[in-house]
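Q:
Numbering (my numbering), first residue to last: 652 to 1122.
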């Protein structure tokens, strides 16, 4: 098929993360944003010797299990992919994706791993505790919009005030802020010209406290914005049934479309709020990493605890071990490991997350936790202790290729790897296998229902150590 050819076909399956396999009479074509069982019309966008790619033009027939409820922006907003499916059907897609990728990565492993299935999120809707919304317009010269990027577009922003993944407090805040700045005629930051004022609105909410942290992100392109910002503050505080932990004004003049701070002013309250997971208290700051689904996070951390306990960690016959929690975020896993460890060292590159972790450990009366700020690649060279156990929860792109050999040099018998990007995990598993490790147990947690996201957790053990134990 040539580029531009129009085709019709049935979606046979969806490969991770969102690659539909569409079979026509003449070819197999990869198309994004489709569901298994749909009959679609598409257009070929890339014609290579071994691969055809296309884009979706129209869904001619829905999938048999496409019976889920949707919002007005489904298929337009880039957030949800599986919202129209029955929940078990979208869960089955993710399970097949994880299993097929792990099976391929572990082909030839001496001992089969134990697959424990996909664990559901306790909440299927209104589960997100953090959102980053963008100011813009839905079309050129259109009215001010505050929402999410349109699927496949760098510029257009669609309103999401009826989003099913966020609760009513978020929706009310979105509407209030958009209407205020629209009435004021305030400009938004144009991504091409790099001119304009409004950039993002970050909202975080504590499940335990119900308190909300709001950060308005702007440029410094208004010489005198005090009155405008005070009006923004008062409009939020007028929502007196909401409990605000803090309202912040973040200045960001970066050319890149990222949510970051050059300078932050606290307009009201403070820049952190409290959250509780598995009986422990945590301090969550504006930009620190914290799982965006608190209820689902507890499923992840219980699994990590269970995997750790399935090894000899913390058994009375041995001295309590030293545990490294690499890419520790706000120190959740670090603190959960404290009861079974002599010492737990958490390493995290975001300094404010490290400071929040230190405060949390103090509040939880945990004296054997140490938190270090810096890149894992560099910090490992400065740590005198040697770990007996390592827990890894890296960013989406996985472990830095230069950091992984340093981690493997410790030669620990067991590691737990928590991954939010399956393809990154698969890449890193290749290196683990080359160094004599194999996967013992694996599971997935549907941390992000209706999206393409899935968390995968694996217990990795030294091959020789396992064989000796089993002999």
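Idealized CB from N, CA, C, for every residue including glycine.
(1) Can you name, in chain order, every residue of its own chain whose Cβ lies under 7 Å from the Cβ of residue 871, other than the five neighbours on each side?
(2) Would you kindly report the start and end of the unbroken beta strand (DSSP E) that includes residue 1141?
(3) Between residue 936 and residue 923, how many whole angstroms is the CB-CB distance? I'm expecting something under 8 Å.
(4) Which runs of the beta strand (DSSP E), 3 residues or longer, sit entirely within the stretch 943-1003?
(5) Kindly list the residues whose CB is nearer than 7 Å to the CB of residue 1114, restricted to its own chain and excluding five residues on each side of it in sequence; keep chain order.
(6) Run the CB neighbour count on residue 781, radius 10 Å, all protein chains shown included, and call it buried at 16 or more, exposed below.
(7) Quick check on residue 1049: buried or exposed, where buried means 16 or more other Cβ atoms within 10 Å of its Cβ?
(8) Rounded to whole angstroms, what's the CA-CA distance from residue 1004 to residue 805? Just pull it up for me.
(9) Can you list, in chain order, the residues of its chain whose CB lies under 8 Å from that of residue 1047, leaving out five sequence neighbours each side?
(10) If I measure Cβ to Cβ from residue 945 and keep anything under 6 Å in the same chain, skipping five residues before and after, which residues do I get?
(11) Classify residue 1054 as helix, strand or coil using the three-state DSSP reduction.
(12) Under 8 Å, with one C-beta from each stretch per pair, do the stretch 1053-1063 and the stretch 1015-1025 reach the 3-pair mark?
(13) Just how far apart, CA to CA, sit residue 798 and residue 854?
(14) Could you check where the beta strand (DSSP E) with residue 785 kicks off and where it finishes?
(15) Following the continuous beta strand (DSSP E) through residue 1164, name the residue where it begins and the one where it ends.
(16) Indicate whether the contact test is met: 3 or more Cβ pairs, each with one atom in the stretch 806-821 and one in the stretch 716-731, closer than 8 Å.
(17) Could you pull out every residue in the same chain whose Cβ sits closer than 8 Å to the Cβ of residue 794, ignoring the five residues on either side in sequence?
(18) Who are the near neighbours of residue 1010 in its chain, counting only those whose CB is closer than 7 Å to its CB and skipping five residues on each side?
(19) In its own chain, which residues sit with a C-beta less than 8 Å from the C-beta of residue 757, not counting the 5 before and 5 after it?
(20) Taking the alpha carbon of residue 711 as the reference point, which residue from 696, 704, 692, 705 has its own alpha carbon closest?
(21) Look at the Cβ atom of residue 987, then the Cβ atom of residue 1043, and state whether they are nearer than 8 Å.
(22) Would you mind working out which of 685, 668, 701 sits nearest residue 679, comparing C-alpha positions?
(23) Go ahead and label residue 948 buried or exposed: buried means 16 or more other beta carbons lie within 10 angstroms of its beta carbon, across all protein chains shown.
(24) Buried or exposed: which applies to residue 1100, given that a residue is buried once 16 or more other Cβ atoms fall within 10 Å of its Cβ?
(25) Leaving out five residues before and five after residue 841 in sequence, what residues of the same chain have Cβ atoms less than 6 Å from its Cβ?
(26) What would DSSP say about residue 770, mapped onto helix, strand or coil?
(27) Which ranges would you report for the alpha helix (DSSP H) in the stretch 857-928 if only whole runs of at least 4 residues count?
(28) Beta strand (DSSP E) containing residue 1070: first to last residue?
(29) From which residue to which residue does the beta strand (DSSP E) around residue 825 run?
(30) Along the chain, where does the beta strand (DSSP E) containing residue 1112 start, and where does it finish?
(31) How is residue 932 classed by DSSP in three states: helix, strand or coil?
(32) Where residue 604 and residue 925 are concerned, what is the direct C-alpha to C-alpha distance, given to the nearest angstrom?
(33) Taking residue 1068 as the reference, give the member of 1041, 1053, 1062, 910 with the closest Cα.
(34) Figure out for me which residue from 777, 775, 831 has the closest Cα to the Cα of residue 796.
(35) Which of helix, strand or coil does DSSP assign to residue 1024?
A: From the atom records:
(1) The residue labelled residue 871 in the question sits at position 220 within the chain shown. If we look at residue 871 and ignore the five residues flanking it on each side, its Cβ neighbours are 902, 904.
(2) Shown here, the chain extends from 652 to 1122; a query on residue 1141 therefore has no answer.
(3) The residue labelled residue 936 in the question sits at position 285 within the chain shown. The residue labelled residue 923 in the question sits at position 272 within the chain shown. About 5 Å separates the two Cβ atoms, so the contact holds.
(4) 973-977, 994-999
(5) The residue given as residue 1114 occupies position 463 in the chain shown. Excluding residues within five positions, the ones whose Cβ falls inside 7 Å are 761, 1087, 1088, 1089.
(6) The residue you call residue 781 lines up with position 130 of the chain shown. By the 10 Å Cβ count, residue 781 comes out buried.
(7) If you number the chain shown from 1, residue 1049 lands on position 398. Its Cβ being crowded by 16 or more others within 10 Å, residue 1049 is buried.
(8) Numbered from 1 along the chain shown, position 353 holds the residue referred to as residue 1004. Numbered from 1 along the chain shown, position 154 holds the residue referred to as residue 805. Counting only the Cα atoms, residue 805 lies some 29 Å from residue 1004.
(9) Along the chain shown, one-based indexing puts residue 1047 at 396. Excluding residues within five positions, the ones whose Cβ falls inside 8 Å are 1071, 1072, 1075.
(10) One-based indexing of the chain shown puts residue 945 at position 294. Answer for residue 945: 780, 858, listed in chain order.
(11) As a position in the chain shown, residue 1054 is number 403, starting the count at 1. Helix at residue 1054.
(12) no
(13) Position 147 of the chain shown, counted from the first residue, corresponds to residue 798. Position 203 of the chain shown, counted from the first residue, corresponds to residue 854. Between residue 798 and residue 854, the C-alpha separation is close to 12 Å.
(14) Walking along the chain shown from the start, residue 785 turns up at place 134. First-last of the beta strand (DSSP E) with residue 785: 781-788.
(15) Within the shown structure, residues of the chain are numbered from 652 to 1122, placing residue 1164 beyond reach of any answer.
(16) Look at the beta carbons and you see the stretch 806-821 touching the stretch 716-731: at least three pairs across the two are nearer than 8 Å.
(17) To locate residue 794, count along the chain shown from 1; it is residue 143. Its chain contains 788, 833 as the residues whose beta carbon lies nearer than 8 Å to that of residue 794, once the 5 sequence neighbours on both sides are disregarded; these appear in chain order.
(18) Locating residue 1010 in the chain shown gives position 359, where the first residue counts as 1. Cβ neighbours of residue 1010 beyond the five flanking positions: 934.
(19) On the chain shown, residue 757 is found 106 positions in, with the first residue counted as 1. Hits under 8 Å: 764, 1080, 1084, 1089, 1090.
(20) Your numbering for residue 711 matches position 60 in the chain shown. Residue 711 has its Cα closest to that of 692, out of 696, 704, 692, 705.
(21) Mapped onto the chain shown, residue 987 falls at position 336. Mapped onto the chain shown, residue 1043 falls at position 392. In this structure, residue 1043 does not lie closer than 8 Å to residue 987 by Cβ.
(22) One-based indexing of the chain shown puts residue 679 at position 28. The option with the nearest alpha carbon to residue 679 is 701.
(23) Within the chain shown, the letter at position 297 stands for residue 948. By the neighbour-count rule (16 or more Cβ atoms within 10 Å), residue 948 is buried.
(24) Residue numbering aside, residue 1100 sits at position 449 when the chain shown is read from its first letter. So residue 1100 ends up on the buried side.
(25) For the purposes of this step, residue 841 is taken as the residue at position 190 of the chain shown. So the list reads 847, once near-sequence residues are dropped.
(26) Walking along the chain shown from the start, residue 770 turns up at place 119. Residue 770: strand per DSSP, three-state reduction.
(27) Assignment of alpha helix (DSSP H) within the stretch 857-928, counting only whole runs of 4 or more residues, yields 877-888 in chain order.
(28) Looking up residue 1070 in the chain shown gives position 419. Looking at the DSSP string, the run of the beta strand (DSSP E) that includes residue 1070 is 1065-1070.
(29) Stepping through the chain shown from its first residue, residue 825 is reached at position 174. Segment 819-835 is the alpha helix (DSSP H) holding residue 825; no beta strand (DSSP E) there.
(30) In the chain shown, the residue the question calls residue 1112 occupies position 461. From DSSP, the beta strand (DSSP E) with residue 1112 extends over 1106-1113.
(31) As a working note, residue 932 is residue 281 in the chain shown. The answer is strand: DSSP assigns residue 932 an E or B state.
(32) This structure does not reach residue 604, given that the chain is present from 652 up to 1122, and the question cannot be answered.
(33) Along the chain shown, one-based indexing puts residue 1068 at 417. The shortest Cα separation from residue 1068 among 1041, 1053, 1062, 910 belongs to 1041.
(34) Position 145 of the chain shown, counted from the first residue, corresponds to residue 796. The residue with the shortest Cα to Cα distance from residue 796 is 831.
(35) The residue given as residue 1024 occupies position 373 in the chain shown. Strand, per DSSP.
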